[in-house]
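The sequence shown maps to residues 21 to 457 in my numbering.
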Amino acid sequence: MTRKSCAIYTTGFVCAHLLIVGIALELSLQEGEIQERWRKISEVTLTERGQVFESWKNPPPSYLEYYFFNVTNPEVFMAGGKASVKQIGPYTYRVHSSRENVTFLENGTKVYALNPKTFVFVPEKSVGDPQVDIVRTVNIPLVTIMNKLKSSSFFLRSVFSIYINRLDIKLFMTRTVHEVLWGFKDPLLTKLHSTKPEVDEYFGLMWKKNDALEGESVSHNGEQNYLDYVKIDMWNVLREMSWSSSNQSNGTYGTFFHPLTNVNESLYIFAAELCRFIHLAYVEEVEVKGIQAYRFAPRGNVLTSPQNNPANPTNCVPAGECLGTGVLKVREGAPIVVSFPHFYQADPAYINAIDGLNPNKEEHETYLDLQPMTGVPIRTSKRAQLNMILKRVTGFPKTRNIAETIFPIMFVNEMATIDDEPAAQMRSLLSLILRKT
Numbered sequence: 021m022t023r024k025s026c027a028i029y030t031t032g033f034v035c036a037h038l039l040i041v042g043i044a045l046e047l048s049l050q051e052g053e054i055q056e057r058w059r060k061i062s063e064v065t066l067t068e069r070g071q072v073f074e075s076w077k078n079p080p081p082s083y084l085e086y087y088f089f090n091v092t093n094p095e096v097f098m099a100g101g102k103a104s105v106k107q108i109g110p111y112t113y114r115v116h117s118s119r120e121n122v123t124f125l126e127n128g129t130k131v132y133a134l135n136p137k138t139f140v141f142v143p144e145k146s147v148g149d150p151q152v153d154i155v156r157t158v159n160i161p162l163v164t165i166m167n168k169l170k171s172s173s174f175f176l177r178s179v180f181s182i183y184i185n186r187l188d189i190k191l192f193m194t195r196t197v198h199e200v201l202w203g204f205k206d207p208l209l210t211k212l213h214s215t216k217p218e219v220d221e222y223f224g225l226m227w228k229k230n231d232a233l234e235g236e237s238v239s240h241n242g243e244q245n246y247l248d249y250v251k252i253d254m255w256n257v258l259r260e261m262s263w264s265s266s267n268q269s270n271g272t273y274g275t276f277f278h279p280l281t282n283v284n285e286s287l288y289i290f291a292a293e294l295c296r297f298i299h300l301a302y303v304e305e306v307e308v309k310g311i312q313a314y315r316f317a318p319r320g321n322v323l324t325s326p327q328n329n330p331a332n333p334t335n336c337v338p339a340g341e342c343l344g345t346g347v348l349k350v351r352e353g354a355p356i357v358v359s360f361p362h363f364y365q366a367d368p369a370y371i372n373a374i375d376g377l378n379p380n381k382e383e384h385e386t387y388l389d390l391q392p393m394t395g396v397p398i399r400t401s402k403r404a405q406l407n408m409i410l411k412r413v414t415g416f417p418k419t420r421n422i423a424e425t426i427f428p429i430m431f432v433n434e435m436a437t438i439d440d441e442p443a444a445q446m447r448s449l450l451s452l453i454l455r456k457t
């Protein structure tokens, strides 16, 4: 994003929030009084005439960094040895988001919107050209199909195994970074497409996600309760993810929060790519460009296995099929799990199963630094890793000798820090408010 666009966005947002903060601090900070004042100030609610509305509808661009785990010894792994990977990246993309078809509902207290996204490659922030650079990684279409066939008859699995041998399809594929991300015509999927047209013959981790709708949402505008300001009420017509009983809609997109945040609160950020909310808790007070902020990060037990934390059932999908600490299934029926990068905070067994992993807090922790008076995030880093469950499947000789493990594919880093100009404006505005109290 340009410095100018960030400054305009942040200044308008901060001014609107400081208005309510200034009034609230003149009171006794009782919740009822704050809520009553909140109702009277349209600038800090999501209304078409409010100061925040345009920034919410057309936010400035953000950046996504993609890192891949290149497999350096596939033959060793196929023979039963330990796989070795080397991290490559970042490949950085500027993400343009907006909200379209905005419609106010329930007397203006909620707002409906479509959420399209566009990704543009940024070469100056990347290590190379994604259309040239090669990566060797797990053949995700093959593993997914084998996983679906594991409950089929041995005969069907054997016939399918013979077919993939004829096509010389291997457990690891070599493709350009661009192909793995944005899609390529897969020979196995193409064959399936010829008999089942509903099967897409193209595969990519971000296939059909560029210049496309991420989803549709309904959010609270904060008029009825300031604590609900910009919280998501529904995502794709759901208030609760159907396969995760502990994942109700109760968070924001992470770019807006209600003002007067305190250290006892839990923040929930919606990750559309995971179809779930990320739970953040207060960690410590930090300073970003002279601005005091509260750091929120996932609790240490957020991905703890149910054996160690019975209150955390979200990595048992379907029921009874539980994973260890540090990994989480994101879709029922698919061998796909997420974790923090390099299995940070995960069971050491996952880390030790693959050579080349080096988890550390500085590079792999997710966090959000929030200016508590305004509710404005001034520094964020959201990191997540995509992995595949690799298991031996009877009827598929290619898997006969492999060590069963959770195999890292790639991780993404979504990172942003307030620019110098809006940071200076925020410091001045905060100083002005504090002098008046």
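No residue lacks a Cβ here, since even glycine has one placed at the ideal position from N, Cα and C.
Every value quoted in this text rests on a predicted model; they were computed, and no experiment measured them.
Closest Cα partner of residue i within the set the options
{"i": "Ala134", "options": "Pro81, Ser171, Lys77", "result": "What sits at residue 134 in the sequence shown is Leu, not Ala. Of the candidates Pro81, Ser171, Lys77, the one whose C-alpha sits nearest the C-alpha of Leu134 is Lys77."}
{"i": "Pro143", "options": "Tyr111, Lys130, Tyr132", "result": "Tyr111"}
{"i": "Ile154", "options": "Ala369, Phe276, Asp375, Ile108", "result": "Ile108"}
{"i": "Tyr370", "options": "Lys381, Asn185, Thr345", "result": "Thr345"}
{"i": "Gly224", "options": "Leu209, Glu305, Asp375", "result": "Leu209"}
{"i": "Asp459", "options": "Tyr113, Gln445, Leu406", "result": "Residue 459 lies beyond the range of the chain shown here (21 to 457); nothing can be said about it."}
{"i": "Arg399", "options": "Phe276, Val219, Glu424, Leu450", "result": "Phe276"}
{"i": "Phe416", "options": "Asn121, Met98, Glu74", "result": "Met98"}
{"i": "Glu234", "options": "Asp440, Phe290, Glu305", "result": "Phe290"}
{"i": "Phe316", "options": "Gly395, Met430, Ile374", "result": "Gly395"}
{"i": "Thr386", "options": "Phe89, Ile298, Gly101, Ala444", "result": "Ile298"}
{"i": "Ser82", "options": "Phe89, Pro94, Lys145, Tyr132", "result": "Lys145"}
Beta-carbon proximity check, residue i vs residue j, cutoff 9 Å
{"i": "Phe204", "j": "Tyr183", "result": "no"}
{"i": "Leu390", "j": "Pro428", "result": "no"}
{"i": "Ile166", "j": "Trp202", "result": "In the sequence as displayed, the identity of residue 166 is Met instead of Ile. Not in contact: Met166 and Trp202 (Cβ atoms no closer than 9 Å)."}
{"i": "Arg403", "j": "Phe360", "result": "yes"}
{"i": "Leu169", "j": "Phe180", "result": "yes"}
{"i": "Thr92", "j": "His116", "result": "no"}
{"i": "Pro125", "j": "Val238", "result": "Residue identity differs from the one stated: residue 125 is Leu in this sequence, not Pro. Yes, the pair counts as a contact, with Cβ atoms nearer than the cut-off."}
{"i": "Pro79", "j": "Ser118", "result": "yes"}
{"i": "Lys102", "j": "Ile374", "result": "yes"}
Neighbourhood of residue i by C-beta, 7 Å cutoff - its chain only, sequence neighbours within 5 removed
{"i": "Glu51", "result": "Low confidence applies to Glu51: its pLDDT is 49, below 50, so where it sits in the model is not reliable, and the reading given next is rough at best. Within the same chain, Glu51 has no close Cβ partners at all."}
{"i": "Val283", "result": "Tyr302, Tyr314"}
Buried/exposed call for residue i, threshold 16 Cβ in 10 Å
{"i": "Pro207", "result": "exposed"}
{"i": "Val140", "result": "exposed"}
{"i": "Asp188", "result": "exposed"}
{"i": "Ser214", "result": "exposed"}
{"i": "Arg307", "result": "Rather than Arg, the amino acid found at residue 307 in this sequence is Glu. So Glu307 counts as exposed."}
{"i": "Val358", "result": "buried"}
{"i": "Val152", "result": "exposed"}
{"i": "Asp439", "result": "buried"}
Sequence-distant residues of the same chain with beta carbon closer than 6 Å to residue i, five excluded per side
{"i": "Arg319", "result": "Ala301"}
{"i": "Asn433", "result": "Glu85, Arg403"}
{"i": "Gln365", "result": "Gly346"}
{"i": "Leu212", "result": "Val219"}
{"i": "Thr437", "result": "Arg399"}
{"i": "Asn230", "result": "Phe139"}
{"i": "Arg177", "result": "Leu169, Gly415"}
Cβ shell of residue i (< 8 Å), same chain only, five flanking positions each side left out
{"i": "Ala232", "result": "Pro136, Lys137"}
{"i": "Glu305", "result": "Gln312, Ala313, Tyr314, Arg315"}
Short CB-CB distance (under 9 Å) between residue i and chain B
{"i": "Tyr86", "result": "Of the protein chains in this structure there is only one, and it is not chain B."}
Worksheet item: Should the region 151-159 be regarded as contacting the region 173-180, the criterion being three or more beta carbon pairs within less than 8 Å?
Response: Under the 8 Å Cβ criterion, the region 151-159 does not count as touching the region 173-180, having fewer than three qualifying pairs.
Worksheet entry | Contact the region 413-425 vs the region 389-404: 3+ CB pairs below 8 Å | Too few Cβ pairs lie closer than 8 Å, so no.
Item to complete: Would you be able to state if there are at least three C-beta pairs under 8 Å between the region 303-314 and the region 405-415?
Response: no
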